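Heads up: the protein sequence lines correspond to chains A and B, in order. In terms of the UniProt record's numbering, the first sequence is residues 1 to 195. In terms of the UniProt record's numbering, the second sequence is residues 1 to 195.
2 protein chains.
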Amino acid sequence: MSLRYALLALLSVEPMTGYDLLKQFEASVGYVWHAPDSQIYPALRQMEKDGLLEGEEVTWGQRGKKRRYRITPLGLTAFRQWMNTPLEYSRERDPAHLKAAYLEWAEPDAARAQMTAHLEHYAERLLQWQLKVEEIENGTSEMLVKRLATLPPSERPRATAFKKFTYEGLIGRAQQEIAWARHGLALIDELYPEG
Amino acid sequence: MSLRYALLALLSVEPMTGYDLLKQFEASVGYVWHAPDSQIYPALRQMEKDGLLEGEEVTWGQRGKKRRYRITPLGLTAFRQWMNTPLEYSRERDPAHLKAAYLEWAEPDAARAQMTAHLEHYAERLLQWQLKVEEIENGTSEMLVKRLATLPPSERPRATAFKKFTYEGLIGRAQQEIAWARHGLALIDELYPEG
DNA sequence: AAGAGCATGTAACTTGTTACATGATTAG
DNA sequence: CTAATCATGTAACAAGTTACATGCTCTT
């Protein structure tokens with residue numbers, strides 16, 4: 001159910017259409033919580049039914065139209081309530097580590113490829129997340145600038161600090177995963193001296 | 001679909017019943033990949049239908065019976081093939097970091113509670129995973145001992161090394177998450193000097 | 001006029017969660 | 001005999017994925 005809260009978070013800044021939200025997911029929130037269009041559009045309609053959002057038809061060009069959603073007071077309350085409730089942590093479900101545990105079943109080259117894929121995956125994420133931190137520091141993050149504008153000056157440092165804190169955590173994770181994959185590659189070389 | 005492969009991995013060591021597998025999930029694999037009974041039993045039947053497993057009715061006491069599953073050559077092939085194919089990484093979907101990004105919406109105490117929950121969650125995992133590494137080092141891990149017995153002596157160090165490597169990766173992750181949560185707590189104290 | 005981008009969905013399917021349900025065996 | 005454990009499921013639901021499907025607008 002986090003999708004709903006990700007949407008509420010974005011809509012707490014300003015009203016948006018499904019497409020706007022989709023773009024936000026691709027460009028920013030998606031680095032923390034990914035969602036495809038086929039999930040976003042139905043979620044918005046359901047949230048409107050539940051009274052968390054208010055949709056408004058907007059004409060667009062000659063014949064086109066789009067639906068712009070605005071967060072309702074009920075939606076704001078729901079979001080605040082979620083924010084004030086500690087998360088329930090679900091159990092581990094990690095395919096990369098599951099595979100790692102049985103890596104002796106793989107061909108040495110396949111084992112290397114697996115570790116390389118892990119490394120590259122997190123190296124990409126690392127770059128993206130580092131970019132996000134830079135944007136936050138430089139004030140070039142569009143969503144953050146808009147969000148700050150909705151806040152009294154005294155509260156702005158907090159919003160900025162928590163965003164940065166979030167991405168720093170992800171950066172730390174990426175670095176840890178990269179180090180682990182490197183360790184894995186070294187281990188494979190050690191265990192298969194020839195191949 | 002990782003569940004199937006987790007089950008194949010366990011059944012590659014020895015035939016087991018659904019209940020045995022459930023216990024294994026609770027006691028060991030579950031620290032990497034969790035699955036409840038309601039998912040395991042249907043998966044086993046489906047895998048038998050697909051020819052990956054062979055079920056055998058075993059009498060148990062006077063009237064009781066149970067079904068013991070054995071991996072088939074097809075199942076072994078499928079498992080090896082999965083092991084030789086690099087994983088596809090799915091996008092991020094991390095509720096803890098999603099919440100962290102909007103932590104200014106929470107009451108200071110709720111924000112602290114959130115970070116504390118994160119810290120405690122990973123502290124628990126850390127202990128479990130450290131225990132697993134100790135078991136591996138001491139040779140007191142039942143499943144690993146059985147697995148090693150199925151391997152020629154020359155291949156045993158690999159199986160051991162990869163198991164240890166896996167848990168070490170998880171330990172590193174837990175330590176990273178704990179450090180992040182501590183950083184978060186310090187940040188909250190800094191941002192809310194009174195509360 | 002064409003192509004990139006804006007806009008919104010449906011359908012079928014897979015995976016995972018939660019709750020409900022039942023009954024036998026074995027150790028104390 | 002009673003409780004813990006062994007044993008196996010079903011049903012309803014929630015969440016997420018993939019593929020399909022359509023049509024308008026705006027810039028060049």
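Where a beta carbon is used, it is the ideal one built from N, C-alpha and C, also for glycine. Small disclaimer: the values here were computed from a predicted structure and weren't measured.
Query	Result
Interface positions of the region 14 to 42 of chain A facing chain B (Cβ-Cβ less than 8 Å), listed along the chain	V29, G30, Y31, V32, W33 and H34
Residue interval of the beta strand (DSSP E) (run including W33 of chain B)	Unbroken run through W33 of chain B: none, as it is neither H nor E.
Alpha-carbon spacing of E107 of chain A relative to R80 of chain B, whole angstroms	9 Å
Against chain B: residues of the region 105 to 122 of chain A by CB proximity under 7 Å	W105, A106, E107, A110, A113, Q114, A117 and H121
Those runs of the alpha helix (DSSP H) which lie wholly inside the UniProt domain "Transcription regulator PadR N-terminal" (7 to 80) of chain B and span at least 4 residues	18 to 27 and 37 to 49
Residue-level contact to chain B via CB, L148 of chain A, 8 Å cutoff	no
Chain-ordered chain A contacts of R182 of chain B [CB-CB under 7 Å]	Within chain A, no residue comes near R182 of chain B; the closest Cβ sits about 11 Å away, beyond 7 Å.
Residue interval of the alpha helix (DSSP H) (run including P108 of chain B)	P108 to N138
Contacts of A161 of chain A in chain B (Cβ-Cβ under 7 Å)	L187 and L191
Which residues DSSP lists as bridging R158 of chain A, in chain order	BP columns for R158 of chain A are empty, so no partner.
CB contact below 8 Å: E142 of chain B versus chain A	no
Among B:P157, B:G30, B:D20 and B:L8, nearest to R93 of chain A - alpha-carbon criterion	B:G30
Short CB-CB distance (under 8 Å) between D94 of chain A and chain B	yes
DSSP three-state assignment for R147 of chain B, whether helix, strand or coil	helix
is_contact[Y89 of chain A, chain B] using C-beta, thresh 8 Å	yes
R4 of chain B - DSSP class collapsed to helix/strand/coil	helix
Residue environment, Q46 of chain A, which counts as buried when at least 16 other CB atoms sit within 10 Å	exposed
CB contact below 8 Å: K99 of chain B versus chain A	yes
Within-8 Å CB hit, M83 of chain B to chain A	yes
Integer Cβ distance of L8 of chain B from A78 of chain B, believed to fall under 8 Å	7 Å
L98 of chain A: first and last residue of the uninterrupted alpha helix (DSSP H) it sits in	P95 to A101
DSSP state of L170 of chain A mapped onto helix, strand, coil	helix
Alpha-carbon spacing of M16 of chain B relative to L170 of chain B, whole angstroms	27 Å
Residue closest to E88 of chain A, alpha-carbon to alpha-carbon, out of A:L10, A:E194, A:R112 and A:M1	A:M1
Contacts around G184 of chain B, its chain only, beta-carbon distance under 6 Å, and the 5 residues preceding and following it disregarded	M115
Short CB-CB distance (under 8 Å) between R80 of chain B and chain A	yes
The region 160 to 176 of chain A / the region 129 to 142 of chain A touching (three or more Cβ pairs under 8 Å)	yes
Alpha-carbon spacing of I40 of chain B relative to Q128 of chain B, whole angstroms	23 Å
Proximity to K49 of chain A [Cα-Cα], best of A:E155, A:A101, A:Y69 and A:H34	A:Y69
Proximity to residue 197 of chain A [Cα-Cα], best of A:L44, A:G75, A:L191 and A:M83	With chain A covering 1 to 195 only, the question about residue 197 of chain A has no answer from this structure.
Interface partners of Q130 of chain B on chain A, CB under 8 Å	None at all; the shortest Cβ gap to chain A is about 15 Å.
Given E177 of chain A as reference, the closest of B:A186, B:Y167 and B:P153 once Cα atoms are compared	B:Y167
Of the residues A:P95, A:R156, A:G64 and A:R4, the one placed nearest I136 of chain A, counting alpha carbons only	A:R156
Separation of G75 of chain B from E54 of chain B, as counted between CA atoms	9 Å
Where P86 of chain A falls: helix, strand or coil (DSSP)	coil
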